[in-house]
Every structure is written in C-alpha cells, then in structure tokens.
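So the sequence lines, in the order shown, correspond to chains A and B.
For the first sequence, our numbering begins at 66 and goes up steadily by one.
For the second sequence, our numbering begins at 2 and goes up steadily by one.
We treat Cβ as the ideally placed atom computed from N, Cα and C, and that holds for glycine.
One structure is given below, encoded as structure tokens.
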Amino acid sequence: MSAAAPIQGLVLAGGASARMQRDKAALVYGGKSQLDRVVELVARHVSPVFVSVRPSQSGEPARARYPLIVDSIQGKGPIGGIRSALAAQPGVAWLVVACDLPFLTDEVLAGLLAERAPGAGATAYSSAHDGLPEPLCAIWEPQAGAEIDAFLGTGRDCPRKFLINHGVHLIEPKDRRALDNINTPEEYDRALDLLAPAARGRGTQLMQLKIQYFALMREQSGRSEETLETVAATPADLYAELQARYGFTLPREQLKVAVNTEFAPWSRPLAPGDAVVFIPPVAGG
Amino acid sequence: MMRFRFTDQAIDTDAARRELLDPGAGGYASFEGWVRNFNEGQEVTRLEYEAFRELALKEGERILVQAMARFPVKHALCIHRVGSLGLSDMAVWVGVSSAHRGEAFDACRFIIDEVKHRVPIWKKEHYRSGDSGWVNCERCAAAAPHDHDDHPHGHRHDHDVDVDVA
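So this is what it looks like as structure tokens:
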C-alpha cells in the first residue's frame with residue numbers, strides 16, 4: 066500500500082443550527098466562540114485547518130477569518146461539506162470536526178490520529194451511546210470521495226449511514242462525553258454547566274487535584290488514583306465531569322465525598338492540590 | 002493504640018479481649034461479623050473488603066469515642082478485616098468492657114451499627130454463578146437512570162437532521 070495521504074483539518078461550520086435558533090459556531094464557551102475553539106483545537110494537531118461553509122456564509126466575518134472550503138455540493142448537509150473538501154484537494158485526507166462538540170479534547174483528536182488506518186475509507190470513534198460510528202469527529206481518507214459520490218447518487222446523505230456501510234476503522238472512545246453534541250438551547254445550557262465555571266466566564270483557573278478511587282468507582286474508572294487538571298469549582302462539579310468521562314453509574318445523591326481525608330459538603334470550594342475521594346455506599350461489617 | 006483498627010490477617014480475638022481487661026469491669030460483650038454463604042438470593046463464595054483507610058480510621062475512632070461518651074463503659078475496641086475472606090471468616094470484631102452487662106451490650110450494638118453505616122469500607126461479594134457485586138452499590142445504581150440514557154439511539158442523527166435543514 067502507498068504511504069498515507071497528508072492530513073489537513075476541516076471544521077464543519079455550514080449547519081443551519083435550526084433547533085438551536087442561533088448559529089452553533091458562534092455559541093460562546095469561556096469567552097470564546099465554538100468556531101474559534103475548534104479551529105484552535107484542530108490546529109494543535111494538523112495544519113492547515115479549513116472551515117467548511119455554505120456559499121451564503123463565505124462572507125460572514127467570523128468564518129471569513131479562516132481559510133474556507135465552500136460547499137460545491139449543496140443541500141446534502143455535512144457529508145456534502147466533507148465531499149467538497151475531498152474534491153477541492155484530491156490526495157488529501159481530512160481530520161473532520163463538527164462545530165457542536167463542546168466537550169472535545171486534545172486527547173480525543175490525538176487518539177484518532179494515533180489509530181488512523183489510511184487503508185480504510187475513514188477512521189472514527191464508535192459512539193459511547195450506541196456503538197455506531199461518529200462521522201463528525203473522524204478522519205476521512207481520499208479514497209472515500211468516489212464512494213460518497215455513489216452513496217449520494219442513491220439519494221442518501223447521512224454520513225453515519227455511509228460509514229456503517231463502508232470500510233470504516235472504528236476505535237473505542239476513552240471519554241464517554243467527549244463526542245456529545247448539542248442541538249438545543251437546553252443542551253447548550255447544560256454544556257455550560259458541565260464546563261463551568263470556565264465556560265460561564267467565572268474563575269477560569271485550571272487547578273490540579275488528586276483523585277483516589279475505591280471499590281465500584283475504581284472499577285468503573287479503571288484506576289485507583291490520578292492527578293488531573295480541572296476547572297471544577299466544587300466536588301459536585303468534579304463528580305459531574307468525571308461521571309461523564311468514566312460513565313459512573315451511581316448518581317451523586319448516593320455518594321459522599323471526602324476532601325483531604327475528611328468528609329466534605331458537595332459545595333465545598335476546591336483548592337489546588339486538594340485530594341478528593343468519592344465514597345459510594347459503604348458496606349462494612 | 003487506636004481503638005479502631007484494620008488487619009489483613011485473621012482477627013486475634015484473645016489478644017483483643019485482653020486489651021479490654023479492667024479491675025473495675027464486671028463484664029464484657031463482643032460481636033463478631035462472619036462471612037455468610039448467601040445474600041439477597043445469591044449464593045456467596047467469598048468476599049473482598051476494601052477501605053479508604055485514612056478516613057476510615059478517623060471515622061471509626063470517632064464512633065468509639067462517641068460510644069464511650071454515650072454509655073458508661075470501661076474500654077471499647079473494633080477490628081475490621083480487609084482483603085479476601087472465605088465463608089465463616091471473621092470480617093469484624095467489636096468488644097466492650099463495663100461495670101455492668103447492660104451498657105456493654107448497648108455499646109457493642111451501637112458500635113457495630115455505626116461502623117456499618119459510616120465507615121468507608123466496601124464489600125464485594127463473589128457468587129456461585131461467577132458474578133460479583135459491590136454490596137449496596139449495584140442495585141441503587143441500576144435503579145437510577147444514567148445521564149446517557151437520556152440520549153438513546155438517534156442522538157447523533159439529530160445532528161444530521163439539524164444540518165440537513167441547510
């Protein structure tokens with residue numbers, strides 16, 4: 066097989082954001098628009114990074130700041146944007162990332178690039194929710210172009226169905242929340258809560274905490290301790306963050322929490338260096 | 002010596018009982034918790050105990066101090082096993098000495114009840130079926146829907162629908 070195609074970044078910002086009733090690319094988290102956040106994130110891994118837009122959006126200032134790939138295939142949604150990029154630069158693979166994934170991290174993109182299978186039409190994560198491919202945070206290879214044309218020719222345009230039916234290399238997500246997308250004002254609000262306080266623009270300080278895991282928490286997180294950087298202001302915020310990451314099954318109401326080896330209220334402000342332990346229901350004796 | 006302790010060896014009840022001897026004590030009561038072969042309809046083959054030791058020692062000591070403040074007893078002690086235990090192994094021992102029997106029984110009961118409810122110790126049961134589970138954790142987790150259940154299949158498709166409006 067020939068060498069892997071060079072890879073560039075493609076941020077999808079051509080959506081209509083119909084249910085959000087606001088441009089999803091313009092939603093602000095931590096004082097920065099989602100479009101700017103995603104472009105910066107992708108640019109830390111591949112370059113150059115292009116923004117995929119509909120023709121009517123090409124003069125829009127927030128988008129026009131970036132190199133654009135304007136849809137040559139219209140009315141087909143995201144797969145049209147992906148196909149347009151593959152057509153604009155044949156021989157290039159694309160790290161494609163949608164503009165509505167506020168929880169995306171460097172680790173997620175690094176994991177994708179590390180597992181890239183250039184021989185497959187695409188490399189994608191399987192959904193933490195249903196195991197099916199996640200097409201909008203994925204690597205699309207040049208050879209997918211012709212297959213997309215054939216797929217569109219049958220009247221279909223769902224990129225997920227495309228990946229299900231074509232040779233996609235699927236990898237397991239490590240972070241269950243990372244690819245959750247947001248479509249409605251309620252989901253945006255919830256994302257802000259989960260990303261708070263940084264996303265709300267309150268104290269944006271990242272701090273380092275030490276977390277120890279016992280019993281069920283240890284088994285579900287797959288580790289007995291870790292040191293992590295977080296913007297969580299309280300144990301309650303931290304549990305929400307880690308529950309999303311590790312899929313902890315216990316609701317917070319069933320747990321207690323200890324900070325620095327003493328029981329603490331969920332609202333206790335956390336300080337850098339604090340040691341946190343979540344305490345599932347006890348069963349001594 | 003702490004009055005609440007852990008051990009990963011068989012509990013030496015004779016040595017522990019000797020620590021409670023007191024010329025003013027007219028009696029002694031103890032409680033032993035043993036590994037039982039069934040729980041909630043499942044046949045249990047062995048148990049594993051795990052503790053958040055630093056906090057458990059503090060909380061255990063607080064319970065014993067409370068027991069001694071609440072009941073007029075001479076001495077009180079509690080020793081809890083950690084690690085892997087087989088059937089009939091002793092998981093926990095509580096001993097209390099006092100002038101009269103009534104407060105020894107009462108304090109012993111208070112201590113074991115509080116230890117079970119407050120001290121960060123967890124018990125994993127291994128069943129004959131090959132299954133296993135953390136006691137008090139698995140059922141309440143099953144009863145409470147996880148966040149992600151709010152997003153059944155099709156969640157990702159929402160995105161497509163959204164963008165397709167273009």
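Chain-order list of chain A residues neighbouring V136(B): A348, by C-beta distance under 7 angstroms. Residue-level contact check: P300(A) does not touch chain B, since none of the beta carbons of chain B fall below 8 angstroms from its beta carbon. Exclusion of the five residues before and after R119(B) leaves E60 as the residues of its chain whose Cβ lies within less than 6 angstroms of its Cβ. The way I'd put it, the stretch 112–127 of chain B does touch the stretch 77–84 of chain B; three or more beta-carbon pairs between them come closer than 8 angstroms. Nearest neighbour of D9(B) by Cα position, chosen from M91(B), F32(B), V66(B) and G28(B), turns out to be M91(B).
Under the Cβ criterion (8 angstroms, minimum of three pairs), the stretch 303–314 of chain A does not count as touching the stretch 7–23 of chain B. Per DSSP, reduced to three states, the secondary structure at H118(B) is helical. Neighbourhood of F279(A) in chain B, by CB distance below 9 angstroms: E51, A52, F53, P121 and W123, in chain order. For M91(B), the enclosing beta strand (DSSP E) starts and ends at M91 to S99. Per DSSP, I80(B) lies in no alpha helix (DSSP H); the unbroken beta strand (DSSP E) holding it starts and ends at V74 to R82.
If you draw a straight line from the Cα of T299(A) to the Cα of V324(A), it is about 10 angstroms long. From the beta-carbon of H127(B), no residue of chain A is found nearer than 8 angstroms; the closest lies around 14 angstroms away. Residue burial annotation: T188(A) is buried, with at least 16 other C-beta atoms found within 10 angstroms of its C-beta. Under the three-pair Cβ rule at 8 angstroms, the stretch 106–118 of chain B counts as touching the stretch 65–76 of chain B.
The three-state secondary structure of S191(A), taken from DSSP, is strand. Here S286(A) carries a helix assignment [DSSP, helix/strand/coil]. Under DSSP, N246(A) forms no beta bridge with any residue. Interface criterion not met: the Cβ of V93(A) is under 8 angstroms from no Cβ in chain B. Beta-bridge analysis with DSSP links N40(B) to Q43(B). At least one CB of chain B lies nearer than 8 angstroms to the CB of E327(A).
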